[in-house]
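Colleague: I have a structure here, written as structure tokens, and I will follow up with some questions on it.
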DNA sequence: CACTACTTGTTAATCTTTGCACAAATATAG
DNA sequence: CTATATTTGTGCAAAGATTAACAAGTAGTG
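Protein chains in written order, with my numbering: chain P, 932 to 1144; chain R, 932 to 1144.
Below is the structure:
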């Protein structure tokens, strides 16, 4: 579950608001691709299923980005959101685990234009180390800490079996990692200044079966 | 983003509570594997980063599952939660998209013991149709609606390119699907009685970069 | 048994989040 | 220019979620 610590970098922006910003960004990026120039809180509301008032209020926490009677200039708002979320740069990511999930992530082409780039892949399996996955050669996880430290990488994706996840996470933290996207179906224990987000499809599925007959 | 509709099947349980139940279930399943017999709201709290009071309150919405002075019998609570989430059965799932992500999902071994089983895979690419992925042969997406209807499948996972996601979702709804786990980075429009959950790693990553320097 | 140490379920208070409603600003049409 | 349509940003009220606190029940110890 999300920690809702108030972080120093933001001026006390609620975590729940920060969580919605990437959705706004994604929708705006789609609109830009469609060649649109202007949008409104109303239109975003319909696309995202979030009320227009909430979208306006969320954005107003960071500045006045719209114009009455007109709405929001898509290019401009995109730019602002990218700045706020710090994805007006490309973050290097270390990927740990080159099994089925890790390999799929390594080959995924959707990171680049949204602020991220996988730059190294590690695994502990000797049969996998040295093999090509996507554009990279899988490195031994024994080199992991040294590589990440040297490259000063801050973000890691964790795609190892659940039993190894905590141990790997500990070493990632030791290597200077400050944000972990964890695909292993287990809660991680990390220091307060390290952020963790979880992806576990079963959690989402179980959340839906509750509502099925 | 989650719709927070109150559903008829639950007695007005807040959606946010339903969203935490699968986390409780997962933690308890781990404890059971470790051979533990008893736990407490305190221990769950430490494992999950959710306050003990909240865990007790969430559970109390469904019944009195604990015992003062002792805590919760893990087996019993597991059973209750599985019943509440309706995963005391195994749900068949249709998987659409046999690319990198779809294939990784198809081969994932972690569904079975948590209430789900992929039983069919579809793709529209003629080069992929007919090939073996995991334990299944990829079927043409032209057969999709017929197959899903015939098997009365209610849950689908969507792992197709973003541009095709809405069109495929529409056909899934037509086939009787009531819950979609969408891996495509786009918001879907579906009827009120169809549930959608989203998995987009970039959304999670951007949520974390906000807090990085 | 008496006493201590736990732990639940629940109430009341606090804190957070959402939605409403509207003034102010802009655009459009006649 | 005037009247009508939009649409933002925001103050306030309402709704919702979380936390703290505690009575009541259980277990363990001597």
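Even glycine gets a Cβ: it sits at the ideal position worked out from N, Cα and C. This structure is a prediction, so every number in the text was calculated from the model and none was measured.
Please compile the residues from chain R whose C-beta is within a distance smaller than 8 Å of the C-beta of residue 1105(P).
Modeller: Residues of chain R passing the Cβ test: none, with the nearest at roughly 18 Å.
Colleague: Nearest chain P C-beta to residue 1112(R) closer than 8 Å, yes or no?
Modeller: Yes, contact with chain P.
Colleague: Counting only beta-carbon separations shorter than 8 Å, does residue 1049(R) have a partner in chain P?
Modeller: Judged by the 8 Å Cβ criterion, residue 1049(R) is not in contact with chain P.
Colleague: For the alpha helix (DSSP H) that residue 1111(P) lies in, which residues bound it at each end?
Modeller: Counting along the chain, residue 1111(P) falls outside any alpha helix (DSSP H), though it belongs to the beta strand (DSSP E) covering 1110-1113.
Colleague: Thinking just about the alpha-carbon of each residue, which of 1059(R), 1104(R), 944(R) and 998(R) is nearest to the one in residue 1077(R)?
Modeller: Of the candidates 1059(R), 1104(R), 944(R) and 998(R), the one whose C-alpha sits nearest the C-alpha of residue 1077(R) is 1104(R).
Colleague: Starting from residue 986(R), trace the alpha helix (DSSP H) in both directions and tell me its first and last residue.
Modeller: That run of the alpha helix (DSSP H) goes 983-991.
Colleague: Does any CB atom of chain R fall closer than 8 Å to the CB of residue 1017(P)?
Modeller: Closer than 8 Å to some Cβ of chain R, the Cβ of residue 1017(P) qualifies, so yes.
Colleague: Run down chain R in chain order and give the residues with a C-beta less than 8 Å from the C-beta of residue 1140(P).
Modeller: The answer, in chain order, is 1016, 1017, 1018, 1022, 1046, 1086 and 1110.
Colleague: Step through the CB atoms of chain R and report whether any lies within less than 8 Å of the CB of residue 935(P).
Modeller: Reliability fails at residue 935(P), whose pLDDT of 30 lies under 50, so the model's placement of it is uncertain and the value that follows must be treated cautiously. It does not: the Cβ of residue 935(P) has no partner Cβ on chain R nearer than 8 Å.
Colleague: With DSSP as the reference, please indicate the residues paired to residue 1129(R) in a beta bridge.
Modeller: 1113(R), per the DSSP bridge assignment.
Colleague: Starting from the beta carbon of residue 1116(R), find every residue of chain P whose beta carbon is closer than 7 Å, and list them in chain order.
Modeller: Those are 957 and 1041, listed as they occur along chain P.
Colleague: Could I get the ranges of all uninterrupted alpha helix (DSSP H) runs contained in the stretch 989-1049 of chain P, with 4 residues as the minimum, in chain order?
Modeller: Runs of the alpha helix (DSSP H) inside the stretch 989-1049 of chain P: 1005-1015 and 1031-1038.
Colleague: Taking residue 1088(R) as the reference, give the member of 995(P), 1024(P) and 1132(P) with the closest Cα.
Modeller: Nearest option by C-alpha distance: 1132(P).
Colleague: How big is the Cα-Cα spacing for residue 1007(P) and residue 967(R)?
Modeller: C-alpha separation (whole angstroms): 55 Å.
Colleague: Quickly, what does DSSP pair residue 1062(P) with across the bridge? List them, please.
Modeller: Partner(s): none; residue 1062(P) has no beta bridge.
Colleague: Would you tell me roughly how many angstroms separate the C-alpha atoms of residue 1003(P) and residue 1011(P), rounded to the nearest one?
Modeller: Distance between the alpha carbons of residue 1003(P) and residue 1011(P) is about 11 Å.
Colleague: Does any residue of chain P have a CB that is nearer than 8 Å to the CB of residue 945(R)?
Modeller: It does not: the Cβ of residue 945(R) has no partner Cβ on chain P nearer than 8 Å.
Colleague: Any C-beta of chain R sitting closer than 8 Å to the C-beta of residue 1038(P)?
Modeller: Yes, residue 1038(P) lies at the interface with chain R (some Cβ there is under 8 Å from its Cβ).
Colleague: In chain R, what lies closer than 8 Å to residue 1133(P) by C-beta?
Modeller: Within 8 Å Cβ-Cβ: 953, 957, 1041, 1042, 1045, 1046 and 1047.
Colleague: For residue 1070(P), write down the residues that DSSP places opposite it in a beta bridge.
Modeller: Note: residue 1070(P) sits in a beta bridge opposite 1053(P).
Colleague: If you draw a straight line from the alpha carbon of residue 1101(R) to that of residue 1001(R), how long is it in whole angstroms?
Modeller: Roughly 50 Å separates the two Cα atoms.
Colleague: Considering just the uninterrupted stretch of the alpha helix (DSSP H) at residue 1079(P), what are its terminal residues?
Modeller: Residue 1079(P) -> alpha helix (DSSP H) spans 1075-1082.
Colleague: Between residue 1089(R) and chain P, is there a C-beta pair that is closer than 8 Å?
Modeller: No, its Cβ sits nowhere closer than 8 Å to a Cβ of chain P.
Colleague: Looking at chain P, is there any beta carbon in it that lies within less than 8 Å of the beta carbon of residue 1031(R)?
Modeller: Yes, its Cβ sits closer than 8 Å to a Cβ of chain P.
Colleague: To the nearest angstrom, how far is the alpha carbon of residue 934(R) from that of residue 1058(R)?
Modeller: Caution is warranted here: a pLDDT of 31 is assigned to residue 934(R), below 50, making its placement in the model unreliable, and the coordinate value is therefore given only provisionally. Cα to Cα, residue 934(R) sits roughly 37 Å from residue 1058(R).
Colleague: What residue range is occupied by the uninterrupted alpha helix (DSSP H) comprising residue 958(P)?
Modeller: Looking at the DSSP string, the run of the alpha helix (DSSP H) that includes residue 958(P) is 946-964.
Colleague: Compare the C-beta of residue 940(P) with all C-beta atoms of chain R and state if any pair is closer than 8 Å.
Modeller: Low local confidence applies: a pLDDT of 37 at residue 940(P) is under 50, so the model's placement there is unreliable, with the coordinate-based value given in what follows. Cβ-Cβ to chain R under 8 Å: yes for residue 940(P).
Colleague: Give the straight-line distance between the Cα atoms of residue 1081(R) and residue 1024(R), rounded to the nearest whole angstrom.
Modeller: If I take the Cα positions, the gap works out to 13 Å.
Colleague: DSSP puts residue 970(R) in a beta bridge; with which residues?
Modeller: Residue 970(R) pairs with 1003(R).
Colleague: For the putative contact between residue 1096(R) and residue 1032(R), defined by C-beta atoms under 8 Å, what is the C-beta separation to the nearest angstrom?
Modeller: Going by Cβ atoms, the distance from residue 1096(R) to residue 1032(R) rounds to 12 Å, so no, they are not a contact pair.
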